[in-house]
Amino acid sequence: MNYAITQRKLANPAPLGLAGFALTTWLLSMINAGWFSSDSTGLVLACALCFGGTAQAIAGVMELPRGNTFGATAFLAYGAFWWSFALFVLFLHGKVPAAFVGWYLFLWGVFTFYMWLATFRSPRALQLIFLTLWITFVLLAGGEWTGSTALRAAGGYGGLLTAVFTFYLSAADVINEVYDRIVLPIGEAKAFKNHAACLMTARAERGSGNTADVAVRCIA
């Protein structure tokens with residue numbers, strides 16, 4: 001009797017995490033840019049807790065069994081950022097000096113900067129997300145340190161640009177996977193393309209007994 005052996009495929013959690021970050025960032029950035037007053041913050045907090053915080057953290061946990069260190073670190077960290085932001089506004093707003101808030105934002109900028117450095121072998125879309133997010137954190141930190149509404153507004157527009165790039169990558173991940181071809185280009189770096197092609201070869205050779213050898217070549 002023959003038994004069919006099926007390999008369960010793990011879903012890609014990146015589109016969910018990216019969408020959660022993009023939507024929440026867009027809402028908050030509209031306020032920072034001056035499009036809406038702080039009266040709209042309540043909806044940002046709700047989104048930060050549910051979508052930007054929880055859904056993004058779930059995406060990070062899902063990246064762990066996939067062995068994606070970068071994805072797990074990014075989604076769990078920024079999910080925690082949105083949770084900390086929501087808790088701060090709900091319970092501590094007005095009780096913490098602006099200079100200290102500036103340091104909070106600046107240190108998130110430090111984290112984002114070295115995460116950006118880790119994207120240089122990744123698609124250009126991902127590089128743009130972390131570059132614009134780093135600039136956004138620096139501008140917002142400067143706004144808190146100096147009390148400059150211009151810097152805060154600039155940070156708001158930086159956040160809007162970050163959200164656009166993030167929405168695009170989320171959409172590309174979903175659409176390209178569903179149609180199994182490049183519908184929305186993401187500017188794949190050469191190293192990323194080579195690695196992806198190598199993995200496709202590994203899948204094609206699965207069952208031939210050469211999978212381990214191909215996997216070693218992909219890592220090398």
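Just so we're aligned, residue 1 is where the sequence shown starts under the numbering used here, counting upward by one.
Note that the Cβ used here is the ideal one computed from N, Cα and C, for glycine as well.
> For the putative contact between G53 and A74, defined by C-beta atoms under 8 Å, what is the C-beta separation to the nearest angstrom?
Replying inline: Wrong, their Cβ atoms sit about 14 Å apart, outside the cutoff.
> What residue range is occupied by the uninterrupted alpha helix (DSSP H) comprising C50?
Replying inline: Neither: C50 is in no alpha helix (DSSP H) and is coded neither H nor E.
>> Need the endpoints of the alpha helix (DSSP H) that N284 sits in, please.
In response: As displayed, the chain neither begins before 1 nor continues past 220, which places residue 284 out of reach and without an answer.
>> Considering just the uninterrupted stretch of the alpha helix (DSSP H) at F100, what are its terminal residues?
In response: A98 to L117
> Among G67, A19 and F36, which one has its Cα closest to the Cα of G79?
Replying inline: A19
> If we count the other Cβ atoms within 10 Å of its Cβ and call it buried at 16 or more, is D180 buried or exposed?
Replying inline: exposed
> Touching or not, the region 105-120 and the region 137-156, by the rule of three or more beta carbon pairs under 8 Å?
Replying inline: yes
> If we ignore side chains and look at the alpha-carbon of each, how far apart do A191 and A118 end up?
Replying inline: Note that A191 scores 49 on pLDDT, short of 50, meaning its location in the model is unreliable and no value can be drawn from it.
>> Does I182 pass the burial test, meaning 16 or more other C-beta atoms within 10 Å, or should it be called exposed?
In response: exposed
> Nearest CA to the CA of L45: which residue from R124, K95, V164 and T24?
Replying inline: T24
>> Determine whether the beta carbon atoms of V174 and P13 lie at a separation below 8 Å.
In response: no
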